[in-house]
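full-length UniProt numbering numbers the first residue of the sequence shown as 1 and each following residue consecutively. Inspection log for the structure reproduced underneath, given as structure tokens.
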Amino acid sequence: LAGPSEVLVIADETANAEVVAADLIAQAEHDVVARAIVLSDNEKIIREIDSHVSQQVACLPEPNQSTAREALKQSFAVKCSSIEECIKISDDIAPEHLEIQTKDSVSVGSKCANYGGLFVGEHAAEVLGDYGAGPNHTLPTGGTGRYTGGLSVFNFLRIRTWMRIDNKNESQGMVDDSIRMARLEGLEGHARAAEARSNTSQPAYKKIEIG
């Protein structure tokens with residue numbers, strides 16, 4: 001689920017535009033199909049970030065500069081009505097990397113649900129997550145952060161489940177519940193399979209004597 005690199009920054013008027021721009025370029029230089037996104041409730045900070053991006057990308061060496069310029073063509077900023085709207089749009093996008101650069105970054109970050117990795121505050125640079133701080137570097141992209149997380153040991157395990165019931169009497173409550181739920185689902189065969197193990201219910205099917 002790890003594809004082209006993505007970063008989304010939620011920024012308000014307190015954000016450091018120069019720092020945000022640097023983080024956008026850090027993702028853009030990865031690949032020509034990388035995406036760098038800014039969501040803000042403040043138009044002035046969006047303009048400042050855009051200005052810094054233009055200045056900084058011009059100073060990148062090649063081939064990084066050409067790669068970043070291509071990636072930035074498909075990157076964008078959105079002026080939102082509020083930080084709450086920024087959060088909603090971010091959750092819809094479910095970015096690989098989500099940076100929160102706002103006045104109350106901890107509170108804003110706690111309201112975000114869908115992302116690969118979360119970086120809270122100006123000092124929590126995504127690049128530090130790549131190289132220094134230790135968070136997972138193999139993260140879901142392309143919106144898959146809505147239903148999965150980063151690579152973990154569980155990706156290399158095969159989970160198997162099993163059940164054993166030694167005391168029939170102690171399982172009677174579970175049997176009765178299963179009968180009711182099966183019939184609510186319209187699965188009569190399921191209900192009868194549970195009834196066959198019941199101490200209290202008479203099976204709905206006719207027993208056949210064999211032998």
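For each residue, glycine too, the CB sits at the ideal point set by N, CA and C. Because the structure is a prediction, the values reported are computed rather than measured.
To the nearest angstrom, how far is it from the Cα of residue 18 to the Cα of residue 101? Between the alpha carbons of residue 18 and residue 101 lies a distance of about 12 Å.
Could you give the first and the last residue of the continuous alpha helix (DSSP H) run that contains residue 37? In the DSSP assignment, residue 37 falls outside any alpha helix (DSSP H) and lies within the beta strand (DSSP E) extending over 35–40.
Compare the C-alpha of residue 20 against each of 109, 154, 119 and name the closest. Nearest of 109, 154, 119 to residue 20, Cα basis: 119.
Per DSSP, what are the beta-bridge partners of residue 97 in this structure? Paired residues: 7, 117.
Taking the CB atoms as reference points, tell me whether residue 94 and residue 146 lie closer together than 8 Å. Yes, these two residues count as a Cβ contact at 8 Å.
Taking just the CA atoms, how far does residue 154 sit from residue 50? Each residue's Cα considered, the two are about 40 Å apart.
Touching or not, the stretch 74–92 and the stretch 131–140, by the rule of three or more beta carbon pairs under 8 Å? No: fewer than three Cβ pairs fall under 8 Å.
Which two residues bound the contiguous alpha helix (DSSP H) that contains residue 57? Per DSSP, residue 57 belongs to the alpha helix (DSSP H) from 43–57.
Do residue 68 and residue 28 have their C-beta atoms closer together than 8 Å? Going by beta carbons, residue 68 and residue 28 fall inside the 8 Å limit.
Are there 16 or more other CB atoms within 10 angstroms of the CB of residue 52, so buried, or fewer, so exposed? Per the 10 Å Cβ criterion, buried.
Would you kindly work out how many angstroms separate the C-alpha atoms of residue 127 and residue 24, rounded to a whole number? When rounded, the distance between both Cα atoms is 11 Å.
Assuming residue 103 and residue 87 form a contact by the criterion Cβ under 8 Å, report the distance between their Cβ atoms to the nearest whole angstrom. In this structure, residue 103 and residue 87 do not form a Cβ contact; the two beta carbons are roughly 14 Å apart against a cut-off of 8 Å.
Would DSSP call residue 78 helix, strand or coil? In the structure shown, residue 78 sits in a strand (DSSP, three-state: E or B).
Distance, Cα to Cα, residue 108 vs residue 143? Here the alpha carbons of residue 143 and residue 108 stand approximately 20 Å from one another.
Exposed or buried, which one is residue 61 when buried takes at least 16 other CB atoms within 10 Å? Residue 61 is exposed by the Cβ-count criterion.
Report yes if the CB atom of residue 150 is closer than 8 Å to the CB atom of residue 138, and no otherwise. At the C-beta level, residue 150 and residue 138 come within 8 Å of one another.
Give a yes or no on whether the C-beta atoms belonging to residue 57 and residue 39 are separated by under 8 Å. No.
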